[in-house]
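Here the structure comes first, spelled out in structure tokens, and everything after it is commentary.
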Amino acid sequence: MSNEANAAAPDAAPTPPDAAEAHVPDEPRRDFLIKLSLGLGGVAALAVGVPVVSAVLAPLLQKNPQAWRKVGTLTDFPVGSTHLVKFENADPVAWSGVSSESAAWLRRDSETTFTAFSVNCSHLGCPVRWEQGAGLFMCPCHGGIYYKDGSVAAGPPPQGLTQYKIRVNGPHDVELLTAPIPITNITS
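Going by our numbering, the first residue of the sequence shown is number 1285, and it counts up by one from there.
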């Protein structure tokens, strides 16, 4: 009887399942959490990526506005004189207020020829001033000096002053072609 009992006992008693088979995870829940994680990761990547990509591509795709601005008449500028003229930026926005105004140094070289330069030093954008006695543009911030043709005479500026295009419109109006002017040359 003991032989029969020993032989029948293992078959009669249920065997415990393997530990791996005992805990079967909930597959739909796991799939949901994986998809949720991927979705949230994608949203986070878009939140970071869209501004970065638009900041890189915007300057390449954006057209710079240009506009002719009247800065005076022929009688306002005697031959050989240099004057500070003010005008509205080419791309002002409604909230810009006083900052929508810009300026340039305008010199009348002859009866028909004018030269105009940005007032901003090409080193770090400080406003340059015209020194009539010396015949030079001087930057008070870091000692940049420019000749009357806008080229660098001394100091740290990496290039000359930015030059504006000028025209005489009609019989007497002097106009500058304004556009967004780079203030500094920090990219080179």
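Every residue gets a Cβ at the ideal spot worked out from N, C-alpha and C, and that includes glycine.
Neighbourhood of residue i by C-beta distance below 6 Å, restricted to the same chain and skipping five residues each side
i     : result
L1445 : F1401, S1402, Y1430, G1434
Q1432 : It is Lys, not Gln, that sits at residue 1432 in the sequence shown. Within the same chain, K1432 has close Cβ partners G1419.
DSSP-derived helix/strand/coil call for residue i
i     : result
K1347 : coil
P1411 : strand
T1396 : coil
K1432 : coil
V1483 : Any answer about residue 1483 is impossible in this case: the structure gives the chain only from 1285 up to 1472.
Residues near residue i in its chain [Cβ-Cβ closer than 8 Å; skip 5 each side]
i     : result
G1323 : none
Of the listed residues the options, nearest to residue i (C-alpha basis)
i     : options                    : result
A1351 : D1360, G1333, N1373        : N1373
G1419 : G1409, A1437, E1395, S1386 : A1437
P1442 : N1404, K1347, E1459        : N1404
V1412 : T1399, G1428, V1336        : G1428
A1387 : K1370, D1393, T1396        : K1370
A1463 : E1385, R1392, D1393        : E1385
C1410 : S1338, G1364, M1422        : M1422
P1440 : T1396, L1341, A1329, C1425 : C1425
Residue i vs residue j beta-carbon contact at 8 Å
i     : j     : result
V1355 : L1461 : no
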